[in-house]
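Heads up, the sequence shown is in this note's numbering, so the first residue is 4 and it goes up one at a time. Just so you know, even glycine gets a beta-carbon here, dropped at the ideal spot from N, CA and C.
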Amino acid sequence: MIDLAAGIDIGGTNTVFGLVDAQGRIHGSGTIKTSSFKDVEEFVSALYNNISEEALRKGNVRLTGFGIGAPMGNINKGSIEHAAGLPWKGIIHLADIFRKHTALPVIVTNDANAAAIGEMVFGDAKAMTDFIVITLGTGLGSGIVVNGRLVYGHDGFAGELGHTSAGHGFADRECGCGKMGCLETYVSATGLKRTLIHLLADDLQQCSLRNVSFNDLTSEMIYNAATEGDKIAMEAFRLTGNVLGASLADFVAVTSPEAIFLFGGVARAGKMLFDPVRESMEMNLLNIYRGKVKLLPSGLEAGNAAVLGAGSLVWSGNLV
C-alpha cells in the first residue's frame, strides 16, 4: 500500500491535482476547469470525485490528506478570502466544504506559501531554515520562512510582498488590489507587459512586438524577443530586474534569509532576469548583508511545482 497526498493547485482558469508521495514523486494527476463551476460546492464535489477516481485507478493506494494552494488561501481558517481571480466571491470556507466528503486532513494556504513549503520539503531549501520564495506569475506572491517555520502572522495573511510599495520612484501604476505602485504592478508577467508597452510608447526604435496588443502579449513573447536581441524587450527585463532587486534588498533587511528563490513563469527567463535582479539587490543591500544571500531558481520540477508545493502541505508536519 502506497500512501499518497493529494496536492491541489487552484487557479482562476484550471485546477490541477496530483497524487504525491513522501519523496515528492507524482503517481497520478488530473485537471478540471475552475471557471466552469459557478457554485463552489459543485466544484469541490467534482474535484474530490476526480481525485478519488484517480486514486482508484492506481490501485493499492491510500490517501493521507488534501493540500490545497489557492489565491488568498488562509491556513488559519481553511478559507479562500476575496480572491479576485476565482469565480466565487467573498469568503469561501473551502476546508469545511471538503470535509463534507472526507475525514482526512485538509490544509488550505495561498499558492506562494505552498511553494515555500514545497521548496523546503522537496526542493533546494531542504537544509535551510531561513529563506524567501518569490512567485512570479500573473502577480507576485511570496512565502517567508524564518527559523524553519512559515510566517503567517496573526490573521494568516502575512508575507504579501507583492503589495508592498515598489518604491524607488515607482508609484504610478494602479494595482488590482486598489492601491497604487504595488511591487507586482512592475514585477510579474503583467508588470513586465506594462513595462514593455511603456517603453514602446517612449522609444521609436524597431521592436518585433510593436504591433502586438496588450491582451495578446505574453511574458514568453517578451523573453523570446529579448533572446533574439530585441533591445526594447531586453530593457523591459532589465528594468523589471532592477525593481525586484531593490525590493529584495529591503526584504533581506527584515528577515536576513540564507537564500531567495524565484519561482514561476517569469523566473524561467533565467539569466535575463536573474542577472539584473542580483546586481540591483547587491547594490541596494546594507553592507552587512552583501555577498551573503543566495539568489536561486526553484528546485522544484517546473511542470509539477505547484502540485508538489500543495502536496507538501500534507507531508510537512509541523512546518506549516
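- Between Met123 and Ala262, the C-beta gap is not smaller than 8 angstroms, which leaves the two residues out of contact.
- Secondary structure note for Ile263: its beta strand (DSSP E) is the uninterrupted segment 262 to 266.
- Counting the other CB atoms within 10 Å of its CB gives Asn245 a total of 16 or more, which places it among the buried residues.
- Following the DSSP letters along the chain, one finds Glu238 inside the alpha helix (DSSP H) bounded by residues 234 to 258.
- The alpha carbon of Thr112 has as its nearest neighbour, out of Gly142, Lys80, Thr221, Leu299, the alpha carbon of Lys80.
- Pro260 has its alpha-carbon roughly 7 angstroms from the corresponding atom of Val296.
- Going by DSSP, Val136 is part of no alpha helix (DSSP H) but of the beta strand (DSSP E) stretching over 134 to 139.
- Counting along the chain, His30 sits inside the beta strand (DSSP E) bounded by residues 29 to 36.
- A straight line joining the alpha-carbon of Gly165 with that of Ser191 spans about 9 angstroms.
- Of the residues assessed, Val257 falls on the exposed side of the cut-off, its CB having fewer than 16 other CB atoms within 10 angstroms.
- The three-state secondary structure of Ala161, taken from DSSP, is coil.
- One alpha carbon belongs to Ala228, the other to Asp133, and they sit about 36 angstroms apart.
- In this structure Ala313 is in contact with Gly70, their Cβ atoms being roughly 4 angstroms apart against a cut-off of 8 angstroms.
- Between the alpha carbons of Ile29 and Gly93 lies a gap of roughly 33 angstroms.
- Segment contact: the stretch 221 to 239 against the stretch 91 to 111, fewer than three CB-CB distances shorter than 8 angstroms; contact not assigned.
- With contacts defined as CB atoms closer than 8 angstroms, Gly76 and Ile83 qualify as a contacting pair.
- Assignment of Leu299 by DSSP, reduced to helix, strand and coil, places it in the strand class.
- The Cβ atoms of Pro90 and Phe40 lie closer than 8 angstroms to each other.
- Per DSSP, the unbroken alpha helix (DSSP H) holding Asn287 starts and ends at 274 to 287.
- Of the candidates Ile235, Thr188, Cys180, the residue whose Cα lies closest to the Cα of Asp206 is Ile235.
- Contact between Thr105 and Ala8 does not hold, since their C-beta atoms are separated by about 12 angstroms, which reaches or exceeds 8 angstroms.
- Look at Val190 here: in three-state DSSP terms it is coil, with no helix or strand label.
- With at least 16 other beta carbons inside 10 angstroms of its own, Ile147 counts as buried.
- Taken atom to atom, the span from the alpha-carbon of Gln26 to that of Leu276 is near 30 angstroms.
- When Val43, Gly126, Ala86, Ile78 are compared, the shortest CA-CA separation from Phe266 is found for Gly126.
- Going by DSSP, Val124 is part of the alpha helix (DSSP H) stretching over 114 to 124.
- Pairing Lys182 with Asn63, the inter-Cα distance amounts to about 51 angstroms.
- Bounds of any alpha helix (DSSP H) do not take in Leu143; it lies within the beta strand (DSSP E) bounded by 143 to 149.
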